[in-house]
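Everything on this sheet refers to the single structure shown next.
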Amino acid sequence: MSATLGCFFLSMWLMRRRETVYGWFAVMSVAWWICGYNQVATSPWPFRSTDGWEIANTVSLLVYSASFTVFILRFCDGR
């Protein structure tokens, strides 16, 4: 569901580039989908070890946190 919402808002942002809220929500949703995939993954693919998997998961969580913060600020018309 998160990936679907991310794709929907990405397409909305591509149609209305001035509405940056849509873009930030799309980035946030896709990053959260990557984090959530950790719950159902059965192997560390496409990485060779779980170390690479954990690094990718941590980076996606950081991207999610940053994009969520910017999304909230843009949604509330803050800077």
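Quick note: the sequence shown uses UniProt numbering, first residue 1, plus one each step. We treat Cβ as the ideally placed atom computed from N, Cα and C, and that holds for glycine. All values reported here derive from a predicted model rather than from experimental measurement.
Beta-carbon proximity check, residue i vs residue j, cutoff 8 Å
i     : j     : result
PHE47 : ALA41 : no
Where residue i falls, given that 16 or more other Cβ within 10 Å makes a residue buried
i     : result
CYS76 : exposed
SER67 : buried
Proximal residues to residue i (C-beta, below 8 Å), its chain only, five neighbours per side dropped
i     : result
LEU61 : ALA31, CYS35
Between the CA atoms of residue j and residue i - distance to the nearest angstrom
i     : j     : result
ARG16 : PHE9  : 10 Å
LEU5  : SER29 : 7 Å
SER2  : MET12 : 15 Å
Cutoff 6 Å; reference residue i; Cβ partners in own chain excluding five residues on either side
i     : result
PHE25 : PHE9, PHE71
Alpha helix (DSSP H) segment containing residue i, residue limits
i     : result
THR42 : Segment: none, THR42 is in no alpha helix (DSSP H) and carries neither H nor E.
GLU54 : 50 to 75
MET28 : 20 to 37
PHE8  : 2 to 15
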